[in-house]
Structures are given as C-alpha cells and as structure tokens.
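Here's the structure, in structure tokens; my notes come after.
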Amino acid sequence: MKIQLSTGMEMFYEERGNGVPLILIPGTGCDHQVWELQAQVWSEYFRVIAIDNRGSGQSTIFEDPNDYSVEILADDVAALIDALQLGPCHLSGHSVGASIVQQVALRHPEKVKSLQLHATWGKTDEWFKRAFVGTMKYPTMQKDPHMTFRTNMMWAASPKYLETREPATARDMVTKCLIKNPHLDAYHGLLGHLGADEKYDAIDQLARIEAPTLITAGEIDMLVPKRYSAEVLKTIKGAQYHEFKGEHASHFALWEMWGEFTAVALGFMMFVETTTKVKQGVEQ
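If you read the sequence shown in full-length UniProt numbering, its first letter stands for residue 1, the second for the next number, and so on.
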C-alpha cells in the first residue's frame, strides 16, 4: 500500500503481522522484496513493515539528485512512523538501509527501540567510492538498472553462489528482486541512491546512538567489507556483533545464509523486548 508523507513523497510499504512494529529498510536501489525471507518469520512475532525508499520500487522517484541523501531517506522513515502512529520501532537496515537506520537513530532517537545494522558502514572512503559507487554508477548512467545489478552481483554474491547458483532460496530471491522485478527500472532513483552512498560520512556522530544495536557482517562480503562494520562497532557503545562465516558469507548473507541471518536478528529483538519488560517491571 502507499501513504503520503510529510516529507513530500509517497511511500510504498508492505505490512504483515501484529505487535511491536519492526521497519525493514532495503539497500541501494532495492525494494521491500529483499526482506521477504525474513518477513515471513519475523511477522510471527512483530508487526513487520517493509518499505520502498524514495527512488526505488513503487515509492516516489525524484529526478533531482538533491532530493537524495541518507539523512533525507532517514527523515522519510521518521515521517512514516509518525503517519502510522507507530511509536518507538525496531529498525533493520541492509547496506545503505543500515546507514538510514543510523540516521533515524541520530536524528529521531525517540522513534527508535533498537537498531540492526547489516553490512553497514559509517563513512564512504576512496575505496568505497571506486569499488561500490563507481562500479554501479557507470551502467546506471546507461539507463540500464538491471545491468547495474548484474554487474554488482560479482561483488555482492559469494563466489560459491556465482558458481553453483545455490542455495535455491538465494537464487529465487535474486530472480525475484533483481532479474524479474518490474519495479527495478528507476534510473533517477538509483543515481540518487548512489549519490547518497557517495556522500555519507557519519562515523564521528555514531557514538551518540544509545538504542540497543546489532551489527552484522559477512566474512567474505566484497561489496561492503567487514572492516567497515568493525569501524561502526567501535563507535556505538554496547553494540552486539555477529559475523557470518563460510563460503556463503557474502553481502547477500540475508539470502545465502538466510536461516542464520533471520535467527540472529530475531534473537536480538526478543532479547531487547525481554529486557524492556524486565526494566518496566522494576520501575513499577
């Protein structure tokens, strides 16, 4: 469904389940479907809201690159929380989605119950600009987002997946989200996201985050190498860390290792919920 937000955009989101709200934020150029495997499980415990960021999927696509930054995307999420009257939410972000989560926590801390930062970074350095942004920007400039993601696969997927196209769950998600997705053709939006990626620098602000935080990284993630997650981990007090290991521990660990990914995040959220209830009981 779609909703008009105070930030001037119309946001598409998919909702399922009941209970404490959990907002799922996808990465660069991707839409809500990237979270399908996780949403099926997490919606048994939470009110899951998977969104399309501005510039992707079925949400508003702005042509002006100045309409995109991680901070602007974060304000969209905050506006959604207000529009749906959700109150403090669990937030889960993948790749630039994790950067968006960081900014929601920094700019709107009262709206955040916990953070999940999957394949995250806090500052875009020169390597990142060339290896990630540069690799994706050239085919995007040719107005072929599908080619952009096909090129991107050599960085985002594991060598094992590229060789075998296994596990089948990952293959199905790649097909659904990147190959046959009718809403992927967002030239201006994808360039806007890449511009937001390129400009992002918040590493010196992250120490202000106080909400419970989970950081995860893939051992062989070549798109956002785990050293970036390590930098973020050093700055957020009390953050928990989980590293996916093995031949499928790629940027797409949420698909290639979806069982472990889903369980780790669920365990973290259940811990936060239990801790919150205990604290409330003591205060009463």
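Glycine residues also receive a C-beta, built at the ideal position from the N, C-alpha and C atoms. All values derive from a computational prediction rather than experimental measurement.
Item                                                                                                                                               : Value
So residue 21 is in the beta strand (DSSP E); what residue range does that whole segment cover?                                                    : 21 to 25
Report the option in 92, 117, 8 and 130 whose CA atom is closest to the CA atom of residue 67.                                                     : 8
Between the Cα of residue 262 and those of 214, 225, 228 and 236, spot the shortest distance and give me the residue it belongs to.                : 214
Identify the residues that DSSP records as bridge partners of residue 91: which are they?                                                          : 23 and 115
List the endpoints of the continuous alpha helix (DSSP H) containing residue 228.                                                                  : 226 to 235
Taking Cβ positions, are residue 10 and residue 59 nearer each other than 8 Å?                                                                     : yes
Does residue 221 pass the burial test, meaning 16 or more other C-beta atoms within 10 Å, or should it be called exposed?                          : buried
Alpha carbon to alpha carbon, how far is residue 83 from residue 108?                                                                              : 14 Å
Around the C-beta of residue 76, are 16 or more other C-beta atoms found within 10 angstroms, so that it is buried, or is it exposed?              : buried
Assign residue 200 to buried or exposed, taking buried as 16 or more other Cβ atoms, counted over all protein chains shown, within 10 Å of its Cβ. : buried
Using the Cα positions of residue 209 and residue 147, report the straight-line distance between them to the nearest angstrom.                     : 37 Å
Three-state secondary structure (DSSP) at residue 242?                                                                                             : strand
Where does residue 143 fall in DSSP's three states?                                                                                                : coil
Taking all protein chains shown into account, decide if residue 93 is buried (16 or more other Cβ within 10 angstroms of its Cβ) or exposed.       : buried
Hey, could you find the ends of the alpha helix (DSSP H) residue 173 is sitting in?                                                                : 168 to 174
Look at residue 97 and residue 183 and say whether their C-beta atoms are less than 8 Å apart.                                                     : no
Using CA coordinates, which residue listed in 79, 216, 133 and 244 is at the minimum distance from residue 232?                                    : 216
Can you pull the DSSP bridge partners for residue 48?                                                                                              : 16 and 22
Using the three-state DSSP reduction, which class does residue 60 fall into: helix, strand or coil?                                                : coil
Figure out for me which residue from 17, 22, 254 and 30 has the closest Cα to the Cα of residue 179.                                               : 30
In terms of DSSP beta bridges, what is residue 10 paired with?                                                                                     : 4
Kindly indicate which three-state DSSP category residue 215 falls into: helix, strand or coil?                                                     : strand
Taking the alpha carbon of residue 27 as the point to measure from, which residue in 277, 270, 88 and 73 has its own alpha carbon closest?         : 73
Taking Cβ positions, are residue 189 and residue 55 nearer each other than 8 Å?                                                                    : yes
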